Amino acid sequence: MEASRFSSVRDQIITKARAHPYELSTLEIVEKMKKMRELIELHKPKTYNTCFTNEERRWLAELLCWESMFPDSKTKFPGKRPRNPAKQLPVSIGYVPQCEQCMQEGRSATDEQCPYIRMVSCSREDHPDYKTRLDMENGVDPTCPACHSERMGELKDGWVFV
-18 MEASRFSSVR
-8 DQIITKARAH
2 PYELSTLEIV
12 EKMKKMRELI
22 ELHKPKTYNT
32 CFTNEERRWL
42 AELLCWESMF
52 PDSKTKFPGK
62 RPRNPAKQLP
72 VSIGYVPQCE
82 QCMQEGRSAT
92 DEQCPYIRMV
102 SCSREDHPDY
112 KTRLDMENGV
122 DPTCPACHSE
132 RMGELKDGWV
142 FV
């Protein structure tokens, strides 16, 4: 699987933010974008390795700008996350590493104020949404904690997956 390149949607964000009903000034928009980039850098892991690329950080900054500027928008974020073949699926099996910045601020590892923490939905409707940390993903482990628990239960019951 090849990596995909980052394609900025900055101009679309600016156009939407300047239009009715938001009518933000260029200065306000630029300041919000700068604030999101700084927030992402502040929460970037310092004590463990991550495969999260600079392109993915730029994508995340635009996603967070979109979500903060247009919280009630019915329009879906137009950006596409750059693909990193080293990891593709969120890993959350009850473990999310502690963000050093969140620890300093007295928050938990799964606090949604951390820019890297995202709510993810399982493809199975009967499973609840769960939190994952974007920079701790890989394509090996199951994504959904409920799916993982079911799989572990089946393995204990003598099932073998090939």
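In my numbering, the protein residues as written are -18 to 143. Each residue gets a CB set at the ideal place from its N, CA and C atoms; glycine is no exception. Quick caveat, the model's predicted, so the values are computed rather than measured.
Whole-number beta carbon distance between residue j and residue i, since they are thought to touch under 8 Å
i, j, result
"I21", "A42", "6 Å"
"S(-15)", "P59", "In fact, because the Cβ distance is near 15 Å, the residues do not count as touching under 8 Å."
"K27", "E86", "About 14 Å; that fails the 8 Å criterion."
"T113", "R99", "6 Å"
"S(-12)", "K61", "7 Å"
"A127", "H108", "4 Å"
Identity of the residues DSSP links to residue i by a beta bridge
i, result
"T113", "R99"
Selected residue, minimal CA-CA separation from residue i, among the options
i, options, result
"S54", "A0, P126, P109, S(-12)", "A0"
"C46", "P78, L5, K25", "L5"
"M50", "S89, K61, M14", "M14"
"C125", "C103, H24, E135, T(-4)", "C103"
"P78", "T34, K16, R(-9), K25", "K25"
"I(-5)", "L23, L44, T34", "L44"
Residue i burial status per 10 Å Cβ neighbour count (16 or more: buried)
i, result
"D110", "exposed"
"E93", "exposed"
"C32", "exposed"
"V11", "exposed"
"P96", "buried"
"D116", "buried"
"L8", "exposed"
"M84", "exposed"
"E37", "buried"
"Y3", "exposed"
"E135", "exposed"
"V121", "Residue placement at V121 cannot be trusted, given a pLDDT of 48 that sits under 50; what the coordinates show is reported in the next sentence. That one is exposed."
CB contact below 8 Å: residue i versus chain B
i, result
"Q82", "Structure shown: chain B not included; a single protein chain is present."
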